[in-house]
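Its first residue numbered 71, the sequence shown is counted upward by one per residue in this note's numbering.
Reading through the structure tokens given below for one structure.
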Amino acid sequence: MAPKDTSQALAMVSLVVYFRWNWVGAIISDDDLGLEFLSELRREMQRNSVCLGFVHIIMEDKILFQKNVNIYYNEITTSSAKVVIIYGDKDSHLQLNLKFYRLVYLQRIWVTTSQWDMITHNDRFLLDSFYGTFTFLIHSSELPGFKKFIETADPSKYSNKYSLAKMWWIYFNCSLTSFNSMNLKNCSIEKRMKWLFQHRFETSVSGTGYVVYNTVHAVAHALHEMLLQEVDTLSKYSGEKLEFDSWQMVHFLKNIQFINPVGDQVNMNQKENQYVEYDIHYSIEFLPNLGLKVKIGKFSKHLPHGQQLYMSEEMIKWNIDLRQIPSSICSVPCSPGFRKSSQQGKAVCCFDCIPCPENEISNMSDMDQCLKCPDDHYANPEGNHCLKKVVAFLGYEDVLGMSLACLALCFSILTAFVLGVFLKHKDTPTVKANNRTLSYVLLISLIFCFLCSLLFIGKPNMTTCFMQQTIFAVVFTVAASTVLAKTITVVLAFKVTTPSRRMRWLLVSGAPNFIIPICTVIQLIQCGIWLGTSPPFVDVDIHIEKEHILIVCNKGSIIAFYCVLGYLGFIAMGSFTVAFLVRNLPDTFNEAKYLTFSMLVFCSVWVTFLPVYHSTKGKAMVAVEVFCILASSAGLLLCIFAPKCFIILLRPERNSFQMFRNVHFKIENTH
């Protein structure tokens, strides 16, 4: 007549999940009910990611049980599972309980059924060993008058006295006059005080008793229905004795539904009875050797998922750690920033915690997989949050960008100052002897070389990306070709000072000056092809730097870029070679050695640039290119014009035609 416990495994697993336990043991009786419960328990645990640390199926054979009891005991005491589920008949585990009693401080949480209700089935060793027990009882309500009946019970008032006398003997330590005696000794009235009943003996009806209570009412309702059905038959055949067959009673009982006297719905149809509920009781030690069973929750399967279990957690007194919920887990939970990695050959609840890979996070505990951050985000160092990347470029607000911009402006001003000095002293021997026209062209081109570096600083756009490489290539070609023209002019000037030379017309006609436009036109053609086929463009790179989204100018065709640099290198090497050959010409105003050194600096800078440029990324790459532009331009300015400015401004006595004639006369005498 009792409701079938089809939801007991689900109820127990729900309790385990509520307290965040995932590593439990099980002690199951070796019978059909026990094995069926174990099957349901495994199924519910698998659904809720709970694992069994050990399972002991206690055999009914006393001899086999005695042989294995030490194995059971040792595994229970050594297992890391602090929660143990017990299911089965109490008497079949009695010997195991005696073993538990020997270890009073066995720190375990016990989850069991009404058969293992330790306060109702009171015994001293059970009371000491099983504090910290959750008991699932079929839901029962308070029966009117039951508590008063228990509190006033006396063996002398009832015919079936022995059972009540035995109860007094167990709970009050009363003694019997003989084994079958109905009289009790040493049982004073004080031992029947309500206080003792309330704290040593359960005065509310048990779950089983409540089922019996409902069953009696169900039988009464069934008889009532049967009588009503037979009323018409009895009126026709009066005088006959009313008799019922047992199968008729069963038929009526299966279909009985009623509200019992305490207001609970009772449905005896097992197929339709979906409202099985469990009261959850917790056994605590009220006083030394005095137990108290407290109702702390309820499980109702028919409620929506997540609302089936109700707990009053504040009423629980833990026997392991009074400050917090005891832990029963196989592995410590993986904190955010880590993910679980299964341990080979072990249950899924046993795992290692490994950090998330780069740019992946886990923002919750015990995650199986890390989550990859979006492309415009990156993982923080702890690996538990994705942070938005900051847009970055070599800007004027950066220290590096501001420093390079200041250098460019300072060198531009310095070059303009040198140009002003040359214009002011344009008729002096120092300026005239070194081809002042080419000097003007070189100084102006150097000003643009310094200023073109500013195009590389600031947020890139289509206009600046187009202008960067084109202007850089053209103005540097003008500067390098001007140096080449000056070098050739020095060679021709020295050659024509020697008698019988036929190259005077080249110097007089200004042929070296045509090198500048010719070289520039060739470079312009290369730039035109570059811009027409694969021009530079604005590129957004999210992968180079972890915390930044870089906005840079992509050069488009890298081949075209290196062709432009190669052409500049060809002109520079030509100038260096010619200047090196005539570096020792004996002339006061000969600048061949200065041109040689300037081209050496120029070539060294750009040869160094290539490997450094390729080894850097992002803003640093742009900064390297800007630095090379400034360094090579500054090398030309200082190596070529610093000596001349020194003579013009600080040694004016050497900047005279008389000095020039004296030196020139000495040179002719040596030849």
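In this text, a Cβ means the ideal position worked out from N, Cα and C, and glycines have one as well.
Next item on the list: Tell me the start and end of each unbroken alpha helix (DSSP H) in the region 486-574 that is at least 4 residues and wholly inside, in chain order.
Entry: Listed in chain order, they are 499-503, 506-522 and 532-566.
**Request:** Have a look at the DSSP bridge pairing and note the partners of Asp445.
**Result:** For Asp445, which the question treats as bridged, DSSP gives no partner whatsoever.
CB His456 to CB Pro444, shorter than 8 Å? Reading off the sequence, residue 456 comes out as Cys, not His. A contact, by the Cβ cut-off of 8 Å.
request  = For Phe543, I'd like the list of residues in its chain whose CB is within less than 6 Å of its CB, leaving aside the five on either flank, ordered along the chain.
outcome  = Note that residue 543 is Ala in the sequence shown here, rather than Phe. Within the same chain, Gln593, Cys597 and Val634 come within 6 Å of Ala543 by CB-CB distance, once the 5 residues on both sides are set aside.
What does a CB cutoff of less than 7 Å around Trp265 pick up in its chain, not counting 5 residues either side in sequence?
With a pLDDT of 44 at Trp265, under the threshold of 50, the modelled position of this residue cannot be trusted; read the value that follows with caution. If we look at Trp265 and ignore the five residues flanking it on each side, it has no Cβ neighbours.
Check: Touching or not, the region 508-524 and the region 475-486, by the rule of three or more beta carbon pairs under 8 Å?
Finding: yes
inquiry  = For Asn450 and Lys410, what's the separation of their Cα atoms in angstroms?
reply    = 19 Å
Segment limits, alpha helix (DSSP H) that includes Val402: Element bounds for Val402: n/a, residue is neither H nor E.
Contact under 8 Å by Cβ, Ala550 with Ile641: Contact annotation: Ala550 and Ile641 have beta-carbon atoms nearer than 8 Å.
**OP:** Please list, in chain order, all residues of the same chain as Asp609 whose beta carbon is under 6 Å from its beta carbon, the five residues on each side excluded.
**Re:** Val622 and Asn624
### Query
Sorted by chain position, which residues of the same chain lie with C-beta nearer than 7 Å to Pro396's C-beta, five sequence neighbours on each side aside?
Lys152, Ile179, Trp388 and Ile390
_Mapping the DSSP letters down to three states, classify Cys419 as helix, strand or coil._
coil
Take Phe546 as the anchor and find which of Tyr88, Thr507, Thr603 and Cys673 has the nearest alpha-carbon.
Cys673
How would you call Glu695, buried or exposed, if buried means at least 16 neighbouring beta carbons within 10 angstroms?
-> buried
Are there three or more Cβ pairs, one per stretch, closer than 8 Å when the region 600-607 is compared with the region 679-688?
no
Contact between the region 79-91 and the region 105-112: three or more CB pairs below 8 Å? Three or more Cβ pairs drawn from the region 79-91 and the region 105-112 lie within less than 8 Å of each other, which places the two stretches in contact.
Original post:
Helix or strand or just coil, what does DSSP make of Ser99?
Top reply: strand
Q) In chain order, what residues of the same chain have a beta carbon less than 6 Å from the beta carbon of Tyr232, not counting five sequence neighbours either side? A) Reliability of the predicted coordinates at Tyr232 is poor, the pLDDT of 47 falling under 50, and the value obtained from them is presented with this limitation in mind. In its chain, beyond the 5 residues on either side, no residue has a beta carbon closer than 6 Å to the beta carbon of Tyr232.
**Message:** Excluding the 5 residues flanking Ala417 on each side, which residues of the same chain have their C-beta closer than 7 Å to its C-beta?
**Reply:** Cys121 and Cys400
Could you name the residues that DSSP lists as bridge partners for Thr183?
Thr183 pairs with Phe206.
Q. Who pairs with Leu620 in a beta bridge, going by DSSP?
A. Ala462 and Asp611
In whole angstroms, what is the alpha-carbon distance linking Ala693 and Gln539? 14 Å
**OP:** From the DSSP output, in three-state form, read off Gly367 for me.
**Re:** In the structure shown, Gly367 falls within a strand segment according to DSSP collapsed to helix, strand and coil.
Exercise for review: Sort Leu638, Lys363 and Arg117 by Cα distance to Asn92 and report the nearest one.
Suggested key: Arg117
Quick check: the Cα distance between Gly688 and Ser412, rounded to an integer number of angstroms? So the two alpha carbons sit approximately 40 Å from each other.
* Assigned secondary structure, Val94 (DSSP; H/G/I helix, E/B strand, else coil) -> strand
ask   = CB-CB under 8 Å to Val488, same chain, minus the five flanking residues each way: which ones, in chain order?
value = Leu513, Leu707, Phe711 and Cys715
From Glu145 to Phe124, what distance separates their C-alpha atoms?
8 Å
Q) Just the Cα atoms here: how many angstroms apart are Ala218 and Leu298? A) Looking at the sequence provided, one finds Lys at residue 218 rather than Ala. The alpha-carbon atoms of Lys218 and Leu298 are separated by roughly 36 Å.
Next item on the list: Might you give, ordered along the chain, the residues of its own chain that have their beta carbon closer than 8 Å to the beta carbon of Leu670, omitting 5 neighbours on each side?
Entry: Only Phe646 meet the Cβ criterion.
*Quick one: grab the DSSP three-state call for Gln327.*
strand
With a Cβ-Cβ cutoff of 8 Å, do Asn429 and Lys442 count as a contact?
yes
Inset, instruction - Would you mind working out which of Pro214, Ile98, Leu464 and Phe679 sits nearest Ile619, comparing C-alpha positions? - result: Leu464
| said: By the three-class DSSP mapping on this structure, what secondary structure does Pro425 have? | reply: Correct three-state label for Pro425: strand.
In chain order, what residues of the same chain lie with their CB nearer than 7 Å to the CB of Asn535, ignoring the 5 residues before and after it?
According to the sequence shown, residue 535 is Cys rather than Asn. When the five nearest sequence neighbours on each side are left out, the beta carbons in the same chain lying within less than 7 Å of the beta carbon of Cys535 are those of Pro606, Phe607, Val608 and Cys623, in order along the chain.
Can you tell me whether Lys625 is helix, strand or coil according to DSSP? coil
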